[in-house]
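Student: Numbering (the numbering used here), first residue to last: 2 to 287.
In this text, a Cβ means the ideal position worked out from N, Cα and C, and glycines have one as well.
In this text the structure is predicted, and so the values were computed from the model without any measurement.
Quick one: the structure is below, questions incoming.
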């Protein structure tokens, strides 16, 4: 099942993908947001909730919102693919492989939906792509053991952890380069966890203007999803709708020789097997 958030006029709505369209679910479920639905008892009987529904609006022309528009937490893993770790070392960054998952937090206002513009900030010419698998939490929990982590996953989506590189390197804490508004594409929808076998290696590709710049699979993670969930939940209670962006593989623009970055007018796409394609045009900050 695919679930998404979108705008219906000026009103936020969420619903289920049916064929080439979407059926709204807020009124049917009594849940105002998708995150609320994920944490409700109705999520466990979602097949019955959506049975017999017909699409009311086409996906074409839909104004997509980030899958979870305002998650309480967006937890992002750093250098969580060995090939990416090695490429940044080769490019001159001095970093040792961590024994624990290095993470940072994104703010929800940095996010944009599928088809919405990525904003190149006026203060930077180093806007970089990072295609990532997003894990969306359904069942809340604190101190979740890794062997129980899959029970807390509601589904999966795609994240592009777009980075403003020189701002990222202003300090050892990289969050300043990861939270510019309009730099966190998230979508187009979430695929429920029952559709993807836990731990399945999913092919991940990022394309810039049709050229493949990243091509890997999620089986190359240094810290797999259960470890990320266990680590993050040791720090804070994971809540329904929380997002874990699991890191990016090799192929980012900063590590290339010569370096390559996104410009206004570019089109960036991230495709993950079994989920779909997240597509965003790049525009200059007004």
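According to the Cβ coordinates, are residue 138 and residue 243 closer than 9 Å?
Tutor: Looking up residue 138 in the chain shown gives position 137. Looking up residue 243 in the chain shown gives position 242. In this structure, residue 243 lies closer than 9 Å to residue 138 by Cβ.
Student: Apart from the five residues just before and just after residue 114, which ones in its own chain have a Cβ nearer than 6 Å to its Cβ?
Tutor: Along the chain shown, read from residue 1 onward, the residue named residue 114 stands at position 113. Within the same chain, residue 114 has close Cβ partners 65, 66, 67, 188.
Student: Within 10 Å of its beta-carbon, does residue 209 have 16 or more other beta-carbons around it, so buried, or fewer, so exposed?
Tutor: If you number the chain shown from 1, residue 209 lands on position 208. Buried, since its Cβ has 16 or more Cβ neighbours within 10 Å.
Student: Would you kindly work out how many angstroms separate the C-alpha atoms of residue 236 and residue 76, rounded to a whole number?
Tutor: Taking the chain shown and counting its residues from 1, one reaches residue 236 at position 235. Taking the chain shown and counting its residues from 1, one reaches residue 76 at position 75. Answer to the nearest angstrom: the Cα atoms are 11 Å apart.
Student: With 16 as the cutoff for other CB atoms within 10 Å, does residue 112 come out buried or exposed?
Tutor: Against the chain shown, residue 112 aligns to sequence position 111. With 16 or more Cβ atoms within 10 Å of its Cβ, residue 112 is classed as buried.
Student: Would you mind stating whether residue 276 and residue 248 have Cβ atoms separated by less than 9 Å?
Tutor: Locating residue 276 in the chain shown gives position 275, counting from the first residue. Locating residue 248 in the chain shown gives position 247, counting from the first residue. The answer is no: Cβ separation not under 9 Å.
Student: Just how far apart, CA to CA, sit residue 91 and residue 97?
Tutor: Counted from its first residue, the chain shown places residue 91 at position 90. Counted from its first residue, the chain shown places residue 97 at position 96. The straight-line gap from Cα to Cα measures roughly 12 Å.
Student: Out of 105, 94, 26, state which residue places its alpha-carbon closest to the alpha-carbon of residue 47.
Tutor: Counted from its first residue, the chain shown places residue 47 at position 46. That would be 26, whose Cα lies nearest to the Cα of residue 47.
Student: Please confirm if the region 147-156 is in contact with the region 256-270, defined as three or more CB-CB distances below 8 Å between the two stretches.
Tutor: The region 147-156, when compared against the region 256-270, does not touch it at the 8 Å Cβ threshold.
Student: Out of curiosity, what's the CA-to-CA distance linking residue 30 and residue 15?
Tutor: Residue 30 sits at position 29 when you count from the first residue of the chain shown. Residue 15 sits at position 14 when you count from the first residue of the chain shown. Going by the C-alpha atoms only, they are around 11 Å apart.
Student: For the pair the region 220-234 and the region 117-126, tell me if three or more CB-CB distances fall below 8 Å.
Tutor: Touching, no.
Student: Just the C-alpha distance for residue 141 and residue 184, rounded to the nearest angstrom, thanks.
Tutor: Here residue 141 corresponds to residue number 140 of the chain shown, with the count starting at 1. Here residue 184 corresponds to residue number 183 of the chain shown, with the count starting at 1. One C-alpha to the other measures close to 27 Å.
Student: Starting from residue 160 and walking both ways along the alpha helix (DSSP H), at which residues does that stretch end?
Tutor: Position 159 of the chain shown, counted from the start, is the residue given in the question as residue 160. First-last for residue 160: 154-161, but that is the beta strand (DSSP E), not the alpha helix (DSSP H).
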